[in-house]
Amino acid sequence: MPHYVTLLRYTQQGAAKIKESPTRLDAAKKAAEASKGKIHAWYLTMGKYDAVLISEFPDDDAAARFMLSTGALGNVSTQTLKAFTEAEFRKIVGSLP
Numbered sequence: 068m069p070h071y072v073t074l075l076r077y078t079q080q081g082a083a084k085i086k087e088s089p090t091r092l093d094a095a096k097k098a099a100e101a102s103k104g105k106i107h108a109w110y111l112t113m114g115k116y117d118a119v120l121i122s123e124f125p126d127d128d129a130a131a132r133f134m135l136s137t138g139a140l141g142n143v144s145t146q147t148l149k150a151f152t153e154a155e156f157r158k159i160v161g162s163l164p
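So the sequence shown is residues 68 to 164, counted in the numbering used here.
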């Protein structure tokens with residue numbers, strides 16, 4: 068399944084309700100599983116982004132639906148990057164002319 072790295076920033080609403088964040092993360096994990104995806108890791112970060120999420124979904128459409136529905140709740144804004152595993156990287160580079 069495709070992998071994704073998502074950079075998250077708390078909105079004003081999300082920051083105001085930061086103590087609810089662990090419960091929201093649990094709900095996000097369940098929502099990902101309902102979309103046949105999985106959240107592999109979640110990290111609180113310091114700097115431009117407040118958190119980083121590592122996930123996988125069956126396809127880009129499923130990942131986009133999950134990220135859009137998460138953002139629609141108003142607690143975080145997201146920027147998602149499609150990621151390639153080391154094996155996928157080696158295959159891509161190996162196929163170069």
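Don't be surprised by glycine CBs; every beta carbon is placed ideally from N, CA and C.
- Keeping to the same chain, check which residues put their C-beta closer than 6 Å to that of Q146; ignore five residues upstream and five downstream. L74
- Item | Segment contact flag, the stretch 95-106 with the stretch 122-133, C-beta cutoff 8 Å, min 3 pairs | yes
- Pull up the CB-CB distance for G81 and V143, whole angstroms please, since I reckon it's below 8 Å. 5 Å
- Within the stretch 91-164, note down every full alpha helix (DSSP H) run reaching 4 residues or more, in order along the chain. 127-139, 153-161
- A98: which of T152, L140, R76 sits nearest, CA to CA? L140
- Cβ pair D128, K149 closer than 9 Å: no
- Item | Exposure of Y71, with buried meaning 16 or more beta-carbon neighbours within 10 Å | buried
- Message: As a quick exercise: from R132, A131, R91, G138, pick the residue whose alpha carbon is nearest that of T78.
- Response: G138
- Query: Is the distance from the Cβ of A130 to the Cβ of P69 below 9 Å?
  - Reply: yes
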